[in-house]
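Residue numbers (the working numbering), protein chains in the order written: chain A, 489 to 600; chain B, 37 to 153.
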């Protein structure tokens with residue numbers, strides 16, 4: 489079963505704007521990961537945040553984790569047309585070693 | 037490094053036939069491989085976890101006789117969709133965890149699009 493829910497389901501922004509998407513999960517996690525998927529392609533790993541971390545940065549990406557609310561957010565700053573993709577969070581729960589449970593995904597469209 | 041390939045990338049078959057999809061770790065040894073399916077505009081659903089040399093563990097609701105998984109070596113896992121039907125049409129994606137690596141890391145293949153006519 490799907491562990492997480494994401495919102496919004498779809499996001500349309502212009503180049504240069506920031507994009508924020510949220511993910512919620514249900515059970516205790518070991519870590520939470522964000523992936524990007526271009527249409528019809530495989531997944532690209534973006535960033536991993538561990539359960540004892542609250543914020544992490546990687547280039548234009550910023551991820552936060554609030555374990556008390558069982559939620560995470562992904563912020564893409566200064567978006568580019570090439571950021572157009574679907575973004576998924578995936579949680580690795582404490583009782584499912586190595587297995588990822590994916591959220592529903594957010595489809596992001598960045599227009600030039 | 038850490039490249040996972042899938043073959044074929046696309047397959048179209050007739051209803052009732054069986055289709056085999058290969059997942060290979062090209063530059064590392066994978067103790068564990070995972071198989072997912074993804075319907076259009078939906079998320080990835082984990083189907084099964086396979087460990088080299090042992091039987092695959094299937095997620096609830098996934099028919100093991102329908103989706104045969106073999107993980108015969110540390111670099112190859114195969115998924116065979118037996119007696120395929122149109123409802124099996126989907127995007128199938130594998131991922132692999134490296135031998136000696138952390139369980140946190142999974143490397144994903146590019147996916148295989150299966151269309152059953």
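Here a beta-carbon is modelled for each residue, glycine too, at the ideal position from N, C-alpha and C.
As the structure is a computational prediction, the values presented were derived from the model and not from experiment.
- Under the 10 Å beta carbon count, residue 532 of chain A is surrounded by fewer than 16 other beta carbons and is classified as exposed.
- A contact between stretches requires three or more CB pairs, one per stretch, nearer than 8 Å, and the stretch 77-89 of chain B fails this requirement with the stretch 42-57 of chain B.
- Cβ neighbours of residue 526 of chain A within its own chain (closer than 7 Å, five residues either side excluded): 573.
- In terms of Cα proximity to residue 148 of chain B, the closest of A:514, A:528 and A:515 is A:528.
- Residue 38 of chain B carries a coil assignment under DSSP once its states are collapsed to helix, strand and coil.
- For residue 103 of chain B, the beta-bridge partners assigned by DSSP are B:117.
- If you check each beta-carbon in the stretch 513-530 of chain A against every beta-carbon of chain B, the ones closer than 9 Å belong to 518, 519, 521, 523, 525, 528, 529 and 530.
- Against chain A, the beta carbon of residue 129 of chain B has neighbours under 8 Å at 530 and 531, listed in chain order.
- Taking 8 Å as the CB threshold, residue 509 of chain A stays off the interface with chain B.
- Around the Cβ of residue 503 of chain A, a 10 Å sphere holds fewer than 16 other Cβ atoms; the residue is exposed.
- Secondary structure at residue 583 of chain A: coil, using DSSP grouped into helix, strand and coil.
- Taking the C-beta atoms as reference points, residue 120 of chain B is found nearer than 8 Å to residue 54 of chain B.
- Under the three-state reduction of DSSP output, residue 123 of chain B falls in the helix class.
- Using beta-carbon distances, residue 147 of chain B counts as an interface residue toward chain A, with a partner under 8 Å.
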